[in-house]
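Note that the sequence shown covers residues 3 to 555 in my numbering.
Shown next, in structure tokens, is the structure this report addresses.
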Amino acid sequence: MLQSLYIQNYALIEQLSIPFYKGFSVITGETGAGKSILLGAINLLLGQRADSKAIRVGADKCIIEAIFNIGDYDLKSFFEENELDYLEECILRREVSITGKSRAFINDTPVNLAQMRLLGDRLIDIHSQHQNLLLSQESFQMDIIDVMADNSELLKVYQNIYTDWQKKIKELTQLIQEAEEIREKQDYIQFQLEQLEEANLVKEELVQLEKDHELQTHAEEIKETLYKLESLLDNDEGGAISLLNDSIRWISDINKVFSPAEELSERLNSVYIELKDILREIRKEEEQVEFNPVELERIQNRLSLIYSLQQKHNVQTVEELIKLKEDYQDQLNAIFLLDDKTVKLKEAISLCFKAVKEKAKELTDRRLKASHLFEKEITNLLIPLGMKNVQFLVDFEKRKEPNQWGEDLITFRFSANKNSPLQPLSMVASGGEIARVMLSIKAMIAGKIHLPTLVFDEIDTGVSGEIAERMAIIMEEMSKNDRQVISITHLPQIAALGKTHYKVYKKDDDHQTNSHISKLEKKERIEEIAQMVSGSTLTQAALDNAKALLGLS
């Protein structure tokens, strides 16, 4: 409940502090006195965008502050989720500087406007003439029926399923697009892969091929050189091994008379053994080296293939070609994986859609049931408000495809006259009729949405006399059960039923015009209502009329 409102340097208000009370309160005053300024200030506390032009001339900033008692409204979770101090007396404050900078606070803790808006939406509802336009919006009409049907929890469940369904559809669309993009390259990838697979590449193969190519290219030269070496080491005319053997024999003959000869003999023996081993290796290699024109051609063809593949794919090694082949294979595998994933995702979408349809039907069933009650209740409320021939219908159509609200397309159809066809409310209802319909709707849903404070800004548009009085009775009834209802009105019938009465007025000083608000006492209230009845000239008849409206003798 709103306990007090403090405003400083906002529009025509220099400074004021207003206490508010439980029950039904009314605010009156001449046109232009500043009633809309009060609403503008409250809207700033509800997270509305700030305009530095609203700051009072000559001031650097404006301050709007309200104190709410929130002890009975189950708001602890909001404060915990937003890491704010929870106090039963909650203070909302907004500061706007001349530079356009805006700051918002909840219990003296800085918050963003989204947080302030979330809390404000649970504390106060302001109905203005602008809000009457909402009745033409399908989403607003749907919200009303959902409130009547207590659909909030079911709607959350449905919307989670719906969001999941839409997410999966988006995934499928992206998956199909991705698969199509890959398939456009599939033939190319397949051709490149087959060419690389046919090459049957082996790691480090190129090094060996190049060695083998060198060997085959110089085979005759190598064989001739090895033959010469063999002849030098071992021939009948005094090869190196034969000469070394003679050397060993000769030095052995002087072992007994020349002591160093023994060591020299051992060293010559070692050389002899090594040369014999080298000779065997030379003969072995000589036997293996054989010029083979067929093998040379094979090697050259293989090298040509590898070199051409390297050039084609702009790589330097066989290993890179092998990696490229693996990449092509992965891309082809991805197509098959995408196909499999697509099938599974389509199955998941089908199951999800089934769940969407089931929950949408639950919503529809509950809405249909609630709409019958809504039609009956709103008709019963509108008849005493001067619409004795009113007809009201909640028209249901089925959407081609579910949206975030379900499968229902809801239209409020209305007729205020006998034998007039029911048509969409926004097309046929006058301003006064719309105002009465909105008041009736607010009266029906006020208890269900548990809003502590409701503000009506000129809900009495287009009505007067007995109808105005009955509208006041509805608002007074709404203010019971610890609910606070505040009505800004020009009608004495509504003003008279208020438990608390405030007057907004302007006053000039030497420099500026200031807006003020004051709580009227009994005598002041009689005079204010009398002026609303008769105008600026107070007559005894007007005073008596005002007393009668107030139930005073």
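Ideal placement from N, C-alpha and C gives every residue a C-beta, glycine not left out.
Buried versus exposed, by CB contacts within 10 Å (16 or more), residue i
| i | result |
| --- | --- |
| His-503 | buried |
| Ile-275 | exposed |
| Ser-373 | buried |
| Asp-462 | buried |
| Ala-550 | exposed |
| Ile-590 | Nothing can be reported for residue 590: it is not among the residues displayed for the chain, which extend from 3 to 555. |
| His-513 | exposed |
| His-129 | buried |
| Asn-547 | buried |
| Ala-544 | buried |
| Gly-102 | exposed |
| Thr-455 | buried |
| Gln-218 | buried |
| Val-204 | exposed |
| Ser-422 | exposed |
| Tyr-190 | exposed |
| Val-465 | buried |
| Gly-408 | buried |
Neighbourhood of residue i by C-beta, 6 Å cutoff - its chain only, sequence neighbours within 5 removed
| i | result |
| --- | --- |
| Thr-344 | Leu-177 |
| Ile-66 | Ile-9, Ala-43, Leu-46, Leu-47, Arg-96 |
| Ala-181 | Leu-340 |
Boundaries (first-last residue) of the beta strand (DSSP E) holding residue i
| i | result |
| --- | --- |
| Ser-99 | 91-99 |
| Leu-7 | 4-12 |
| Asp-397 | 393-405 |
| Glu-16 | 15-21 |
| Gly-42 | Here Gly-42 belongs to no beta strand (DSSP E); instead the alpha helix (DSSP H) covers 37-47. |
| Phe-107 | 104-108 |
| Ser-520 | 515-521 |
| Lys-508 | 502-510 |
| Lys-111 | With the sequence shown as reference, residue 111 is identified as Thr, and Lys is not the correct amino acid for it. Element bounds for Thr-111: 111-113. |
Expected contact under 8 Å - CB spacing of residue i and residue j to nearest Å
| i | j | result |
| --- | --- | --- |
| Arg-119 | Leu-48 | 6 Å |
| Ile-243 | Leu-235 | 5 Å |
| Ile-126 | Val-457 | 7 Å |
| Leu-499 | Phe-26 | 7 Å |
| Ile-490 | Ile-29 | 5 Å |
| Glu-140 | Ile-412 | 6 Å |
| Ala-350 | Lys-170 | 6 Å |
| Ala-448 | Met-480 | 5 Å |
| Gly-31 | Val-506 | 3 Å |
| Ser-442 | Ile-380 | 5 Å |
| Val-291 | Leu-228 | 7 Å |
| Ile-496 | Leu-387 | Their Cβ separation, rounded to whole angstroms, is 13 Å, which puts Ile-496 and Leu-387 out of contact at 8 Å. |
Bounding residues of the alpha helix (DSSP H) (the contiguous stretch that carries residue i)
| i | result |
| --- | --- |
| Leu-198 | 188-201 |
| Ala-68 | Taken as a continuous stretch (DSSP letters only), Ala-68 belongs to no alpha helix (DSSP H), being part of the beta strand (DSSP E) at 63-71. |
| Ser-141 | 140-150 |
| Val-204 | No alpha helix (DSSP H) contains Val-204, which DSSP labels as neither H nor E. |
| His-315 | 295-315 |
| Tyr-330 | 320-384 |
| Tyr-75 | Looking at the DSSP string, Tyr-75 is not in any alpha helix (DSSP H), and its letter there is neither H nor E. |
| Ile-128 | Not the alpha helix (DSSP H): Ile-128 falls in the beta strand (DSSP E), residues 126-129. |
| Tyr-274 | 262-290 |
| Lys-24 | Lys-24 -> no alpha helix (DSSP H), and no H or E assigned at all. |
| Lys-55 | That residue, Lys-55, is in no alpha helix (DSSP H); it is neither H nor E in DSSP. |
| Lys-390 | From DSSP, Lys-390 is part of no alpha helix (DSSP H); its letter is neither H nor E. |
| Val-259 | Taken as a continuous stretch (DSSP letters only), Val-259 belongs to no alpha helix (DSSP H), as it is neither H nor E. |
| Asn-547 | 542-552 |
| Glu-530 | 524-536 |
| Gln-495 | 494-497 |
Interface flag, residue i vs chain D, CB-CB below 8 Å
| i | result |
| --- | --- |
| Ile-253 | Included in the structure is just one protein chain, with no chain D present. |
8 Å CB neighbourhood of residue i in its chain, flanking five on each side removed
| i | result |
| --- | --- |
| Glu-199 | Lys-327 |
| Ala-56 | Tyr-12, Ala-13, Gly-42, Cys-64, Val-98 |
| Lys-450 | Val-149, Met-150, Asp-152 |
| Glu-529 | Leu-540, Leu-545, Ala-548 |
| Gly-122 | Leu-47, Leu-48, Gly-49, Leu-94 |
| Lys-325 | none |
| Glu-232 | Leu-281, Ile-284, Arg-285, Glu-288 |
| Leu-453 | Arg-124, Leu-125, Ile-126, Asp-127, Arg-485 |
| Val-358 | Tyr-160, Ile-163, Tyr-164, Trp-167, Pro-404 |
| Ser-6 | Ser-19, Ile-20, Pro-21, Phe-22, Ala-68, Ile-69 |
Cβ-based neighbour list, residue i, same chain, cut-off 7 Å, excluding 5 preceding and 5 following
| i | result |
| --- | --- |
| Glu-90 | Asn-71, Ile-72, Gly-73 |
| Ser-428 | Leu-137, Ser-138 |
| Lys-509 | Asn-516, His-518 |
| Ala-336 | Ile-184 |
| Ile-253 | Ala-263, Leu-266, Ser-267, Leu-270 |
| Asp-62 | Ser-99, Ile-100 |
4-residue-minimum alpha helix (DSSP H) runs that sit fully inside the region 412-488, ordered along the chain
Runs of the alpha helix (DSSP H) inside the region 412-488: 427-430, 433-451, 467-480.
Residue ranges of each alpha helix (DSSP H) within the region 210-257, 4 or longer:
Those alpha helix (DSSP H) runs which fall completely within the region 210-257 and span 4+ residues are 221-235, 242-254.
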